[in-house]
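Numbering (this note's numbering), first residue to last: 1429 to 1536.
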């Protein structure tokens, strides 16, 4: 009887490992340090000055890289009280987005 419990434990451990491997995020590049923003759709935002790119994490968990963003635009995004319209005008209007992975969704 005790041997069957040990085998069941091993099977459960193997199953949990497979589930964890499936659910852990797979990203095509390293994450940039991000901070929360006041937005209806974007959860976090980070900037890499050397690469001049933003990383944007949506509440859905999708993580995007946006290239060719100036430091001034990033500073404006950090300081504005109206994040969504500024993001739409300054970033969405002229930049291309690349999905680099999906994290777990963030619930508000």
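Just so you know, even glycine gets a beta-carbon here, dropped at the ideal spot from N, CA and C.
Burial check for residue 1436: the Cβ neighbour count within 10 Å stays below 16, so the residue is exposed.
Counting along the chain, the unbroken beta strand (DSSP E) around residue 1529 starts and ends at 1525-1530. The three-state secondary structure of residue 1485, taken from DSSP, is strand. The alpha-carbon of residue 1497 is positioned some 13 Å away from that of residue 1514. Spatial neighbours of residue 1489 in its own chain (CB-CB distance under 6 Å, excluding positions within 5 residues in sequence) are listed in chain order as 1530, 1531, 1532, 1533.
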